[in-house]
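A.B. asks: Below you'll find the structure I mean.
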Amino acid sequence: MISYLRRVFVESWLGRVCAIVIFLAFIGWGVGDVLGYMGTETDIVAKVGQQRITSADLAQSLQGEMPTIAKQMGVTDPAQVPAAMRQQIAYQVLQRLIGQAELQEAARKLKVAVPDSAVRDEVFSLPYFKGANGQFDRNILNARLRERDIPEQRFLTMIRDDLTSRTELQPIGQAANVSDTLTKRLSDFGLQTRTIDLIRIPFAEQPTPAAPDDAVLHRYYANHLNDFRTAELRHARVVVLSPATVADTISIDEKDLKRVYDEESDRYHVPETRDVQVVTMQDEAQARAVADVWTKGGDWSAVQAAAKGGASVEMPGARPSAIPSESLSKAVFAASLNEIQGPFKSEGGWVVLRVTKITPPKDTPFDIAKKEILQQYRDAKGPSVVGERSRQLQDAMAGNGLDAIPTDIGAAAAAGTLDAQGNTQDGTPAPLPASGKLRDAIVQQIFTQTKGAKPNLTEGPDNSWYAVEVDTITPAAQLSFDQSRAKVLAVWQADARKHAADEQATALYTAAQEKGGLANVAGAGAPVVKGLAFSRSVPNKAIPAELMDYLPRMKAGQSVMAEDAGEFLVATVTSVSTPNPMADLAGYQRLKTALAQSTGDDLVASYVEALSKRTPPVINQRAVQAALSSLGFDGSAAP
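UniProt numbering numbers the first residue of the sequence shown as 1 and each following residue consecutively.
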């Protein structure tokens, strides 16, 4: 049921719009700025036109969502969420409910009505309520609703509201269209292709100079004393308690894994989906004219041009339940790939369509999925487990320091010698039971803590805890010239090779600038790699990233010089061209579809913003506070 509700209110049009509503609410409305009222409806927390949000609605939403939110915050009990945070979450949930009410009020004014048959068909199509034979099972529905303590009528209302929102919002989003002029300009920008010649001049390939006399080496040594010192070394004992160290100690019953697998049915049993292009005309003759253009090889742009006065939309990844028309859904999923279908009559008019892609269904067996589910459970549970066990670790350390670490709490211990960069004496990374920011924090603690200081359990990044005890310190020391003579010579020679490479690259760059490119420079002295092409949409991995800050803005004939790790780079842009976007119709159409979707999202956002201005919400602050107080969300009690 959780997965279904997530699909309804997160992945659906309603969910996307609710997210926009919440955003707009805090910008345009503001919880504190909404009109309050002193009414007799003490169980009504907010009104939007004729829509009512009751205290029970708010309470049910909060009780249903707080456990998930608490888990995301790394705590197992919602009571552990700070009171101020609970109240903020409560107002966000209220704003979401207001957003839903705005949509339902608009649908009421537009006289949008969802028949019972549509609600029934939607429920029957949900895989969560189907039995082993693939058919809807009433007993399973009753059991699922009982498990989640959701009354059947409330569930059916949720389904009806979702279908209502789809009916209201899909035409707005799908009505968006993008001109070929804008698409071509953006396509030109992304596809504009530059071709370059490139020379690499590695430091290591330069001749190694003969060893100079000691006077030169002594002078180099004196100018670079910090390069010829031994690093400070510290031997330390470390204990780490983090989500990674406790993961293997977290288990879950097989039946719970199976329950999650069943709840996430739509994730592990993905039905067949289809990408489809659909044209709807009100007149059969017009629809036949569109079909004729399509059948004779016209591309989608030509079809859209022929369909002026009608509706032409693309639906990528469509499922049967996502297509509002039953007759259209049946036609889409009965059609052959890339064959023109229609025209035929549907609820919305005369339809012509083409299926451009078929993605077969995918079933993930439980034996495979349970590993992923277990790992996700451990990832989610780890932070709260660390919080609980940190107290056990603290109590154990209070008695005997790092000598009394319990073996059953998932703490990891290590001991060894390392330098301030976290490396051992041979230059390899020290095997600390941590990575990233946590590892950096531990190394920093080792090199700031005094020798022999009592270890303290410290909270680290990413829900982690650690303690450090420093045993011995070997101070850094300046090496004498005689002790470091071999290293002085090696470093001096490396610098000389780099300097030689720099001089060669600079000479090539200067000549290329003067003569219009590397191709016109005689005797370059290094192999020239020709014909490396790239565009903003199709980068070339063979071109070093250090050059890409400059190349996309350069004109043909211009050159650039840069330094990469261990080499200098010189490149010349030899040509700049813009391919005809019609040469890749599929790519062009993908761009146009993406732009249309983005425009559609903007239209939806504008529509929602207009709703909030047309029918401002009225919030009963006293009722809200009473509802929050009853749940402990005002800080007066634990929820």
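Here a beta-carbon is modelled for each residue, glycine too, at the ideal position from N, C-alpha and C.
Considering only the alpha carbon of each residue, which of Val624, Arg614, Ala627 lies closest to Glu105?
C.D. replies: Against the sequence shown, residue 105 aligns to sequence position 105. Comparing Cα positions, the closest option is Arg614.
A.B. asks: Could you compute how far the alpha carbon of Leu24 sits from the alpha carbon of Glu609?
C.D. replies: Against the sequence shown, residue 24 aligns to sequence position 24. Against the sequence shown, residue 609 aligns to sequence position 609. Low local confidence applies: a pLDDT of 39 at Leu24 is under 50, so the model's placement there is unreliable, and no value is given.
A.B. asks: What number of angstroms, rounded off, separates the C-alpha of Met554 from the C-alpha of Val521?
C.D. replies: As a position in the sequence shown, residue 554 is number 554, starting the count at 1. As a position in the sequence shown, residue 521 is number 521, starting the count at 1. Roughly 19 Å separates the two Cα atoms.
A.B. asks: Where does Gly28 fall in DSSP's three states?
C.D. replies: As a working note, residue 28 is residue 28 in the sequence shown. Low confidence applies here, because Gly28 scores a pLDDT of 35, under 50, leaving its location unreliable; read the following figure in that light. If DSSP states are grouped into helix, strand and coil, Gly28 belongs with the helices.
A.B. asks: Quick one: using the 10 Å Cβ neighbour count with 16 as the cut-off for buried, is Phe534 buried or exposed?
C.D. replies: Translated into the one-based positions of the sequence shown, residue 534 becomes position 534. Buried, because 16 or more other Cβ atoms sit within 10 Å of the Cβ of Phe534.
A.B. asks: Any idea if Ile368 is buried or exposed, counting beta-carbon neighbours within 10 angstroms, 16 or more meaning buried?
C.D. replies: In the sequence shown, counting from the first residue as 1, residue 368 sits at position 368. Taking every protein chain shown into account, the CB of Ile368 has fewer than 16 other CB atoms within 10 angstroms, so this residue is exposed.
A.B. asks: What residue range does the alpha helix (DSSP H) around Met397 cover?
C.D. replies: As a first step, residue 397 must be located in the sequence shown, where it is residue number 397. 366-400 is the span of the alpha helix (DSSP H), which, as asked, contains Met397.
A.B. asks: Give me the Cα-Cα distance between Pro324 and Thr167, rounded to the nearest whole angstrom.
C.D. replies: As a working note, residue 324 is residue 324 in the sequence shown. As a working note, residue 167 is residue 167 in the sequence shown. Their backbone Cα atoms lie some 8 Å apart in a straight line.
A.B. asks: With 16 other CB atoms within 10 Å as the buried threshold, where does Ile2 fall?
C.D. replies: As a working mapping, residue 2 is identified with position 2 in the sequence shown. Here the model assigns Ile2 a pLDDT of 33, short of 50, so the residue's position is not dependable, and the following value carries that caveat. If you draw a 10 Å sphere on the C-beta of Ile2, you find fewer than 16 other C-beta atoms in it, and that means exposed.
A.B. asks: Taking the beta strand (DSSP E) that Pro202 belongs to, which residues open and close that run?
C.D. replies: Translated into positions along the sequence shown, residue 202 becomes position 202. Judged by DSSP secondary structure, Pro202 falls within the beta strand (DSSP E) whose first and last residues are 193-202.
A.B. asks: Reducing DSSP to helix, strand and coil, say where Pro243 ends up.
C.D. replies: As a working note, residue 243 is residue 243 in the sequence shown. Helix.
A.B. asks: Starting from Tyr466, follow the beta strand (DSSP E) in both directions and report where the run begins and ends.
C.D. replies: One-based indexing of the sequence shown puts residue 466 at position 466. Counting along the chain, the beta strand (DSSP E) containing Tyr466 begins and ends at 464-474.
A.B. asks: Just verifying my parser: in three-state terms, what is the DSSP assignment at Val538?
C.D. replies: Here residue 538 corresponds to residue number 538 of the sequence shown, with the count starting at 1. Shown here, Val538 sits in coil according to DSSP, grouped into three states, outside any helix or strand.
A.B. asks: Between which two residues does the alpha helix (DSSP H) holding Phe124 run?
C.D. replies: Counted from its first residue, the sequence shown places residue 124 at position 124. That run of the alpha helix (DSSP H) goes 116-125.
A.B. asks: Go ahead and pull the three-state DSSP assignment for Gln478.
C.D. replies: Taking the first residue of the sequence shown as position 1, residue 478 is located at position 478. Strand.
A.B. asks: What is the rounded straight-line gap between the Cα of Gln174 and the Cα of Ala335?
C.D. replies: On the sequence shown, position 174 is the one that residue 174 refers to. On the sequence shown, position 335 is the one that residue 335 refers to. Taking the straight line from one Cα to the other gives about 22 Å.
A.B. asks: From the DSSP output, in three-state form, read off Ala575 for me.
C.D. replies: Reading the sequence shown from its first residue, position 575 is the one you call residue 575. Before going on, a small fix: residue 575 reads as Ser here, not Ala. If DSSP states are grouped into helix, strand and coil, Ser575 belongs with the strands.
A.B. asks: Would you identify the three-state DSSP class for Asp256, choosing helix, strand or coil?
C.D. replies: Locating residue 256 in the sequence shown gives position 256, counting from the first residue. Of the three classes helix, strand and coil, the one that applies to Asp256 here is helix, per DSSP.
A.B. asks: Over what stretch of residues does the alpha helix (DSSP H) that includes residue 642 continue unbroken?
C.D. replies: Beyond the ends of the chain as shown, which are 1 and 639, falls residue 642; an answer cannot be given.
A.B. asks: Would you mind listing the alpha helix (DSSP H) stretches within the region 153-232 that are 4+ residues and don't spill past its ends, in chain order?
C.D. replies: 180-191, 214-223
A.B. asks: Under a Cβ-count criterion, where at least 16 other Cβ atoms within 10 Å of its own Cβ denotes burial, should Phe568 be classed as buried or exposed?
C.D. replies: Locating residue 568 in the sequence shown gives position 568, where the first residue counts as 1. That one is buried.
A.B. asks: Please report the straight-line C-alpha distance between Ala476 and Val488, rounded to a whole angstrom.
C.D. replies: Here residue 476 corresponds to residue number 476 of the sequence shown, with the count starting at 1. Here residue 488 corresponds to residue number 488 of the sequence shown, with the count starting at 1. Straight-line Cα distance between these residues: approximately 18 Å.
A.B. asks: What did DSSP end up calling Leu418 once you bin it into helix, strand or coil?
C.D. replies: If you number the sequence shown from 1, residue 418 lands on position 418. DSSP places Leu418 in strand when its eight states are reduced to three.
A.B. asks: Alpha carbons only, please: which of Val491, Ser265, Ala215 is nearest the one belonging to Asn226?
C.D. replies: Within the sequence shown, numbered from 1, the residue matching residue 226 stands at position 226. Looking at Val491, Ser265, Ala215, the one whose alpha-carbon comes closest to that of Asn226 is Val491.
A.B. asks: Look at Thr599 and Val276 and say whether their C-beta atoms are less than 8 Å apart.
C.D. replies: Here residue 599 corresponds to residue number 599 of the sequence shown, with the count starting at 1. Here residue 276 corresponds to residue number 276 of the sequence shown, with the count starting at 1. For Thr599 and Val276, no; Cβs fall outside 8 Å.
A.B. asks: Taking contact to mean 3 or more Cβ pairs, one atom from each stretch, closer than 8 Å, check whether the region 289-307 and the region 386-394 are in contact.
C.D. replies: no
A.B. asks: Which residue comes first and which comes last in the beta strand (DSSP E) that contains Val332?
C.D. replies: Sequence index remark: in the sequence shown, residue 332 carries index 332 (1-based). Not the beta strand (DSSP E): Val332 falls in the alpha helix (DSSP H), residues 326-332.
A.B. asks: Is it the case that the Cβ atoms of Asp256 and Ala623 are separated by a distance below 8 Å?
C.D. replies: Locating residue 256 in the sequence shown gives position 256, counting from the first residue. Locating residue 623 in the sequence shown gives position 623, counting from the first residue. No.
A.B. asks: May I have the straight-line CA-CA distance separating Leu631 from Ile98, to the nearest angstrom?
C.D. replies: To locate residue 631, count along the sequence shown from 1; it is residue 631. To locate residue 98, count along the sequence shown from 1; it is residue 98. Going from the Cα of Leu631 to the Cα of Ile98 covers about 20 Å.
A.B. asks: Using 8 Å as the threshold, is the region 236-255 in touch with the region 431-445, meaning 3 or more CB pairs across them?
C.D. replies: yes
A.B. asks: So, are the CB atoms of Lys530 and Asp248 less than 8 Å apart?
C.D. replies: Stepping through the sequence shown from its first residue, residue 530 is reached at position 530. Stepping through the sequence shown from its first residue, residue 248 is reached at position 248. No, the Cβ-Cβ distance between Lys530 and Asp248 is not below 8 Å.
A.B. asks: How many angstroms separate the CA atom of Ala70 from the CA atom of Tyr128?
C.D. replies: Against the sequence shown, residue 70 aligns to sequence position 70. Against the sequence shown, residue 128 aligns to sequence position 128. If I take the Cα positions, the gap works out to 26 Å.
A.B. asks: Whose CA, out of Leu591, Asn456, Thr364, Ser55, lies closest to the CA of Ala398?
C.D. replies: Taking the sequence shown and counting its residues from 1, one reaches residue 398 at position 398. Ranking Leu591, Asn456, Thr364, Ser55 by Cα distance to Ala398 puts Asn456 first.
A.B. asks: By alpha-carbon positions, which one of Val351, Gln478, Ile172 ends up nearest to residue 646?
C.D. replies: With the chain represented from 1 up to 639, any question about residue 646 goes unanswered, as that position is not in the structure.
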